[in-house]
Structures are given as C-alpha cells and as structure tokens.
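Asker: One structure follows; several queries about it will come next.
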Amino acid sequence: MRKWIIILVIAIVVSIFGYNYIYQDHRDIESEQAEFTMTSSEINQLFSKNSTSAEQKFLNKTIEVSGLITDINSNDITIDDSVFCQFSNNLETSLDKNENIKIKGRVIGYDDLLEQVKLDQCTIINQLK
Amino acid sequence: MKKVIFLALFSISISAIAQSKYLTKTGQLNFEASVPSFEEVAAKNNAVTAILNTENGEFAALALVKGFRFKNALMEEHFNENYAESDKYPKATFKGKVDDLDFDDLSNEESNTSIDGSLTFHGVTKQVEGIPLTLKKEDEKIIISGNFKVLASDFEIEIPKIVANKLSNEVDINFRFELVKK
Numbered sequence: 001m002r003k004w005i006i007i008l009v010i011a012i013v014v015s016i017f018g019y020n021y022i023y024q025d026h027r028d029i030e031s032e033q034a035e036f037t038m039t040s041s042e043i044n045q046l047f048s049k050n051s052t053s054a055e056q057k058f059l060n061k062t063i064e065v066s067g068l069i070t071d072i073n074s075n076d077i078t079i080d081d082s083v084f085c086q087f088s089n090n091l092e093t094s095l096d097k098n099e100n101i102k103i104k105g106r107v108i109g110y111d112d113l114l115e116q117v118k119l120d121q122c123t124i125i126n127q128l129k
Numbered sequence: 001m002k003k004v005i006f007l008a009l010f011s012i013s014i015s016a017i018a019q020s021k022y023l024t025k026t027g028q029l030n031f032e033a034s035v036p037s038f039e040e041v042a043a044k045n046n047a048v049t050a051i052l053n054t055e056n057g058e059f060a061a062l063a064l065v066k067g068f069r070f071k072n073a074l075m076e077e078h079f080n081e082n083y084a085e086s087d088k089y090p091k092a093t094f095k096g097k098v099d100d101l102d103f104d105d106l107s108n109e110e111s112n113t114s115i116d117g118s119l120t121f122h123g124v125t126k127q128v129e130g131i132p133l134t135l136k137k138e139d140e141k142i143i144i145s146g147n148f149k150v151l152a153s154d155f156e157i158e159i160p161k162i163v164a165n166k167l168s169n170e171v172d173i174n175f176r177f178e179l180v181k182k
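Top line first, the protein sequences correspond to chains A and B.
Positions 1 to 129 (the UniProt record's numbering) are the ones given, in order, by the first sequence.
Positions 1 to 182 (the UniProt record's numbering) are the ones given, in order, by the second sequence.
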C-alpha cells in the first residue's frame, strides 16, 4: 500500500513539473533588467556597419534605447528614424513627435529595407523633457 | 536657363518616383503547421515591413524571424532554436513583382491578381509563382492580403520523427499589409 502512495506522489510531482515545463510562461521583457543601454543612433550604426556581429551581440537581448520620437502610432514608436519599437498593447500616453524618450524592449533584428533596428514587447521607461 | 529647366524637371521626376512608394512597418504575417486534433502550431508576426512600388509593381517584404510569437513559450523557443535557427538566419524575405495590374484602377472594391517572386527563409531561397493576392484601396491605403502554402522541407527544415505526426510539413501562410503612401 505504502509503495503505491509513493509511486502516486512521484507521478503527481513529475506531471506538475512536466506541465510547467511544457506550458511555461513567456519571457517578461518588462521585468527584465536591460543588458545594454544606448542611444538609437549607436545601435543603428552597429547594425548598419556589421549586421552579423551586431546580431550575435544583440539578438533576443533586452535593451534600453533613448532618442527623439520621429513617428508614433497606436502601438509602435520610431525613435530618430533608426529604431522601431513595437508595443504589445495599445499605447495610452500623451506622447508626441519630437519628444525625448527612453524605451526598453527585445531586439528582434535589423530591417534592411528601412535600415531600422526592430524591438518588440516594448515598454516606456521614462519621458525626458 | 536650360539647366534650370532640367533641374526643375529632375526634381519633379524625383518626387514622382517618391510618391509611387507605399509601405508599412506593421504588416501581419501568420503561419500555421497544425495537424488536426493535436496542439495548434501557429505563430503571428505583426511587425513585417513591406514596400510596394506602384509604378512597376515591385514588392518587397521582410519579417524578422524572432518576431514570430507563439501562444506556447516552449514552442516559440523550439521554433527559434531547432527549426528556423533564428540566431543564424534572423530574416525571412520576399521579393517579387505583382502581375499586370494598374494601380490607378484600385478602388474600395477588391481586385484579384497574383504575384511571383523569391522567398528566403532559413537561408534557402525558393521561387514562388502565382501567389493569389487581393488588393483594395481604402482611405489612401493599399491593402494587400492573401494566403499560400509552402513545404517546410523545401526550406531545409527537418521535422524530427518523434513529432512528425504532430507537425505538418505543409505550412499555411497568410498575410495582410496596409500600405501607406510615402
């Protein structure tokens, strides 16, 4: 009888761990500490000069980028025409073009068509006046 | 004087070229490789860049592979690490030409055409022909949508035997781009 209880407990523990492994949560970029902090033109230059080495360094990393807003839409902001930041939800701010901003997000790569670095799952760190 | 006229005409022609470009940075591209009665294998990318030149029908699109989001985080990790190898091949691109269509005739009623071009993914470039497209024009935006199928094996993506019955080699792709004049 005791043997069966032990087996049952092990089975339950294994299935809980297994379930949590298979259905683990997505990364939460918002709560992650940024690995790099730089201006939009700095990161853009690194990608435009040598995209392969920049990709090795930055892909999938959480970074903080600062600069001037050049374009703003319902869920994306472009900084200095060089970094495109996508937000998971609609933006609810009073931000406008030509305001200084600092944004945290995950680097997903370099867009050669528009020569912009793309970030996703962004959050606004602060508005610098 | 001649020089002035030339410069004037030249600058007009430049602006004419610039006006024929339509683009988006937030195009949608979804794919699905599900097998019925097994867990859904599908991802969405809402940050696809696409550019259309209405002068000559040339179209280019670029999707960053890490931008594909799955419902299941582990599936997303496996997709990036084992299948798409997005550290090595971070981009998926398409370059092509829309088959004879007069973009001036576009209206808010849908018109159908097709596009031929080359699709690059996982470091493999493949010619694709006759992808059906639906186009319409709404508030100065050109909306292009459509869907097509590709085979994972054509892009040298190996599906391990152990998951072969849960993962379809035939991948459904659908897209929608709302292009704004630039």
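A virtual CB, placed ideally from N, CA and C, is assigned to each residue, including glycine.
From a predicted model like this one, the values you see are computed outputs, not experimental measurements.
Taking only the alpha-carbon atoms, compute the straight-line gap between B/Ala73 and B/Phe79 and give it to the nearest angstrom.
Answerer: Across the structure, B/Ala73 and B/Phe79 are spaced so that their CA atoms are roughly 10 Å apart.
Asker: Let me know the alpha helix (DSSP H) ranges lying completely inside the region 47–101 of chain A, each 4 residues or longer, listed in chain order.
Answerer: 51–58
Asker: Got a sec: which bits of the region 89–115 of chain A sit with their beta carbon under 9 Å from any beta carbon on chain B, in order along the chain?
Answerer: Arg106, Val107, Ile108, Gly109, Tyr110, Asp111, Asp112, Leu113, Leu114
Asker: Which residues in the same chain as B/Ser111 place their Cβ atom closer than 8 Å to its Cβ, once the five residues preceding and following it in sequence are excluded?
Answerer: Leu101, Asp105, Thr134, Leu135, Lys136
Asker: Quick check: what's the CA-CA separation for A/Asp71 versus A/Phe17?
Answerer: 45 Å
Asker: What separation, rounded to the nearest whole angstrom, lies between the Cα atoms of B/Gly123 and A/Val107?
Answerer: 20 Å
Asker: Select from B/Gln127, B/Asn174, B/Leu167, B/Glu58 the residue whose C-alpha is nearest the C-alpha of B/Phe148.
Answerer: Here the closest residue by C-alpha is B/Asn174.
Asker: Along chain A, which residues have their Cβ under 7 Å away from the Cβ of residue 185 of chain B?
Answerer: Outside the shown range of chain B, which is 1 to 182, sits residue 185 of chain B, and nothing can be said about it.
Asker: Leaving aside the five residues before and after B/Asp32 along the sequence, list all residues of the same chain whose C-beta is less than 6 Å from its C-beta, in chain order.
Answerer: Correcting the residue identity first, residue 32 of chain B is Glu in this sequence and not Asp. Cβ within range, chain order: Ala42, Asp172.
Asker: Helix or strand or just coil, what does DSSP make of B/Leu151?
Answerer: If DSSP states are grouped into helix, strand and coil, B/Leu151 belongs with the strands.
Asker: By the criterion of Cβ-Cβ separation under 7 Å, what are the contact partners of B/Ile51 in chain A?
Answerer: Leu113
Asker: Suppose the cutoff is 6 Å on Cβ atoms and the five residues either side in sequence are ignored; what does the same chain contact list for B/Thr125 look like?
Answerer: Ser118
Asker: Determine the DSSP secondary structure at A/Met1, reduced to helix, strand or coil.
Answerer: coil
Asker: Looking only at its own chain, which residues have a Cβ that is under 6 Å from the Cβ of B/Ala40, when we skip the five neighbours before and after it?
Answerer: Checking the displayed sequence, the identity of residue 40 of chain B turns out to be Glu instead of Ala. Correct list, in chain order: Ser34.
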